[in-house]
Each structure stands twice: as structure tokens, then as C-alpha cells.
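In this note's numbering, the protein residues as written are 31 to 424. C-beta: ideal position from N, C-alpha, C; glycine also. The structure under discussion appears below in the form of C-alpha cells.
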Ligand SMILES: [Zn+2]
């Protein structure tokens with residue numbers, strides 16, 4: 031069903047959300063809609079430290095309990111957008127969609143926390159209002175939001191749990207120059223990485239989702255390292271037997287608002303729910319998933335080879351330039367560039383690589399400097415202008 035969900039995405043895309051850092055007022059509007067849906071149940075289950083409501087959206091009456099939460103890191107909203115799409119899907123009345131809904135409805139009860147760290151989302155920070163990384167707080171539950179997540183999951187005692195995140199957009203698939211678009215992890219529940227029943231459930235599901243996602247984006251799927259980290263919720267919940275699967279949205283070229291990854295998230299999650307409802311994931315092994323390369327950090331946005339560093343052009347080196355994202359005002363994300371590294375960079379790949387051997391020096395660059403303009407010439411004519419890359423951002 032993966033391809034059906036992917037191909038029919040335009041039928042259920044929630045068009046009121048167009049970018050990752052969306053307005054709180056739009057969120058309120060969506061909550062209103064979900065509260066009126068005959069298929070969804072909206073419940074306020076608690077509050078963040080700054081008293082923002084934390085809502086649960088529940089769907090279905092089936093015996094298999096599933097939990098999914100998004101944006102425990104406030105600036106990681108790709109899956110949140112996809113959940114909005116999924117809620118729209120679950121309300122479609124055309125017969126092909128309604129038939130699927132009925133199968134999900136009868137077999138599953140899915141509990142969603144679509145926006146957990148609402149204080150962090152408002153600030154556009156990873157951490158909570160108190161500066162706590164919630165995903166390193168699974169043991170102590172210092173933050174009220176982590177406590178709420180832990181108690182909520184224990185109350186439901188799910189068979190599957192989906193931990194939905196965004197990862198650094200410059201992670202690569204192993205040591206390749208491919209940017210990781212999507213990463214999976216069937217987390218380990220102990221130091222030895224034992225394939226417990228819980229982990230095996232998640233691993234089989236990950237196997238199916240890896241195979242199908244790779245058909246859409248060949249070479250762009252990776253897995254996270256499965257080193258056990260008791261402070262992380264994924265590992266702690268696996269230990270508790272909740273069948274935990276981590277889904278990470280990485281980078282997607284110039285699609286910095288990650289709308290293509292949002293569509294993949296929607297297809298991945300709907301397909302996962304459907305295959306759990308049908309039991310088809312049980313036929314899988316874990317080979318395809320286990321064969322995935324792990325996330326590494328081997329790419330720059332722009333890599334210039336052998337560029338001049340001073341006016342004579344005699345001293346040259348490679349230059350690595352990356353995009354930098356800064357939260358500005360209300361709901362804005364500002365993009366700029368930084369000089370990440372200068373020297374011999376042949377151990378790294380570039381999403382965009384240019385041979386700068388014949389470039390002439392125009393301006394001084396400084397390591398770590400945030401820049402919006404950078405020009406090189408060749409025969410006196412501009413041959414590299416950073417602004418042409420800035421113009422590609424969407
Ligand atoms: Zn995260």
C-alpha cells in the first residue's frame with residue numbers, strides 16, 4: 031500500500047501547513063477541526079512547563095495499541111506536518127480511502143501526540159523551555175513533558191511505538207556522498223542489542239519500510255547507530271517492550287522545508303499502520319534493514335576544490351561551505367552560509383562540488399564566518415557567485 035499512499039498524497043495533504051515552522055494559530059485551527067471529526071478523538075492530556083496544552087489524537091477501536099509522537103525536539107517538525115496529512119487521510123470519504131480507514135479502525139487503536147514540545151516549537155529550539163533535551167531525559171523525567179510521555183506510554187502499553195524526529199540535514203549514508211533523506215532505527219533495549227520480541231517487531235516493520243522507501247529514494251536511506259542509550263526514550267521504550275521504531279527525516283537537497291520528506295513520512299506511517307493492521311509485517315526478516323549503512327557526517331553543502339585563499343592565488347586549498355539555519359521573529363527560518371572548513375577536504379563529499387583551480391581571488395574568507403556573499407572570478411568574469419545557490423533554496 032506504500033505506493034498508493036505515496037501516489038495519492040495530493041488527496042490528503044493538509045495545505046494549511048506549508049512550512050516546518052508553522053503558525054500557532056494554524057495549529058489551533060487544526061485542533062478545532064480534529065475535535066469535530068467523527069473518526070478522531072482529541073484530548074488534552076497535560077501541559078508543557080509554560081502551560082501550553084499537550085493534545086492526544088486517538089483513532090480506531092481495534093485491539094492493537096500503537097503510539098506515535100512527534101516534535102519532542104521543538105525544531106523537528108517534518109513528521110508533525112505528515113501527521114496533519116494523516117489526520118486528513120483518516121477523514122476522507124471516497125470509497126478507496128474509506129475502505130482503508132475501516133481496516134485501520136477495526137484493527138488498531140492509534141494514539142498520537144502530534145506536538146509534544148510545544149514550548150520548544152514556539153522558540154524553534156531542540157530543548158524544552160527549561161533547556162532540557164527531552165530525549166536524554168527518559169530515566170529521570172526531570173522535564174514535565176518527559177514525565178507525561180513516559181506515563182502516557184505506560185498507560186497504553188503499546189505493541190508498536192513511533193518516535194518521530196528530524197536529524198541533521200548533512201548526514202550521509204555511510205561514507206558515501208548521498209545525503210540521508212530518511213533514517214530508521216529499531217532501537218536496542220539493552221547493551222547487547224538483543225533481538226527481543228519487541229525489537230524484532232520493530233525490525234521487521236523497519237525491513238518492510240526500508241525496502242519500500244528505497245524504491246522511492248534509492249541510496250538515500252540509512253540507519254542510526256544502534257548503540258544503547260538508556261537516557262533516550264527509544265531505547266527505554268524498547269526495554270519496556272513497546273516495539274519502538276525511530277524515524278528520522280534528514281535533508282533533501284534544496285527542499286529545505288522538507289515537503290518531499292513530509293510526503294515520504296505520510297506514506298511510511300500509513301503503510302506501517304496498514305501492515306500492522308493486516309499482520310503482513312510478520313512475514314519480513316530484518317536483512318534489508320540490517321544491511322543499511324549507518325548515518326555518517328561526510329558531506330558539505332558546497333565544496334570548492336583548490337580555491338585561492340589570498341590575492342596572489344599561490345596559496346590554495348579546498349573550502350567547505352554549509353547552510354546555517356537561524357530562527358527569526360515569529361515563524362521565520364533564516365538561511366545563511368558559513369565557512370565550515372578550509373584545507374585538504376578530500377575525505378568529504380559536496381552536495382555541490384566545483385573545481386576552483388582556475389578561480390581568481392576576489393575576497394578574503396574566514397573560518398566560521400557567516401556570509402551571504404562570496405564571489406570568485408575567472409579571466410576577470412564572475413564564475414562563482416554564492417547567491418546563485420541561495421536562490422535555489424525552497
Ligand atoms: Zn530529535
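- Distance from the CA of residue 135 to the CA of residue 183, rounded to the nearest whole angstrom, comes to 20 angstroms.
- Residue 108 sits buried, since 16 or more C-beta atoms from the chains shown fall within 10 Å of its C-beta.
- For residue 211, the shortest C-beta to heavy atom distance toward ligand 1 is 6 angstroms or greater.
- When distances are taken from the beta-carbon of residue 195 to the heavy atoms of ligand 1, the shortest one is below 6 angstroms.
- Put simply, of 278, 43 and 223 the residue whose alpha carbon is nearest the alpha carbon of residue 259 is 223.
- Within 6 angstroms of the C-beta of residue 175 there is not a single heavy atom belonging to ligand 1.
- The alpha-carbon separation between residue 252 and residue 230 amounts to approximately 18 angstroms.
- When Cβ pairs closer than 8 angstroms are counted between the two stretches, the region 133 to 149 is seen to touch the region 76 to 86, the count reaching three or more.
- Using a Cβ-Cβ distance cut-off of 8 angstroms, the region 208 to 223 and the region 171 to 181 are not in contact, since fewer than three pairs of beta carbons, one from each stretch, lie closer than that value.
- Rounded to whole angstroms, residue 328 and residue 174 show a C-alpha spacing of 36 angstroms.
- By the beta-carbon neighbour count (other beta carbons within 10 angstroms, threshold 16), residue 248 is exposed.
- According to the DSSP assignment, residue 77 belongs to the beta strand (DSSP E) that extends over 70 to 77.
- Within the same chain, Cβ atoms closer than 6 angstroms to the Cβ of residue 139 are found at 90, 92 and 95, the five residues on either side in sequence being excluded.
- Bounds of the beta strand (DSSP E) holding residue 193 are 190 to 196.
- Annotated three-state conformation of residue 231 is helix, per DSSP.
- Cα atoms of residue 331 and residue 73: separation of roughly 42 angstroms, rounded to the nearest angstrom.
- Short of 7 angstroms from the beta carbon of residue 226, and not among the five residues preceding or following it, lie these beta carbons of its own chain, in chain order: 219.
- For the alpha helix (DSSP H) assignment, the uninterrupted runs of no fewer than 4 residues enclosed by the region 121 to 186 are, from N- to C-terminal side, 125 to 137, 148 to 153 and 174 to 186.
- When 393, 194 and 321 are compared, the shortest CA-CA separation from residue 264 is found for 194.
- With fewer than 16 other beta carbons inside 10 angstroms of its own, residue 37 counts as exposed.
- Judged by DSSP secondary structure, residue 347 falls within the beta strand (DSSP E) whose first and last residues are 346 to 358.
- Taking the C-beta atoms as reference points, residue 302 is found no nearer than 7 angstroms to residue 115.
- The C-beta distance from residue 237 to residue 316 rounds to 5 angstroms, short enough to meet the 8 angstroms contact threshold.
- For residue 381, the secondary structure class from DSSP, reduced to helix, strand or coil, is strand.
- Separation of the CB atoms of residue 405 and residue 369 is rounded to 14 angstroms, and the pair is thereby denied contact status at 8 angstroms.
- Residue environment: residue 65 is assigned as exposed (fewer than 16 neighbouring CB atoms within 10 Å of its CB, all protein chains considered).
- Taking a cut-off of 8 angstroms for Cβ pairs, the region 267 to 284 and the region 340 to 349 do not touch, as fewer than three such pairs fall below it.
- Per DSSP, reduced to three states, the secondary structure at residue 306 is helical.
- In the DSSP assignment, residue 65 forms no beta bridge with any residue.
- Contact annotation: residue 57 and residue 357 have beta-carbon atoms that are not nearer than 7 angstroms.
- For the set 68, 118 and 79, the Cα lying nearest the Cα of residue 46 is the one of 118.
- If the five residues before and after residue 160 are omitted, its C-beta is found closer than 7 angstroms to the C-beta atoms of 79 and 173, all from its own chain and listed in chain order.
- When rounded, the separation of the alpha-carbon atoms in residue 313 and residue 234 is 8 angstroms.
- DSSP, reduced to helix, strand and coil, places residue 289 within a helical segment of the structure shown.
- A direct Cα-to-Cα measurement between residue 208 and residue 68 gives close to 43 angstroms.
- Separation of the CB atoms of residue 391 and residue 414 is rounded to 12 angstroms, and the pair is thereby denied contact status at 8 angstroms.
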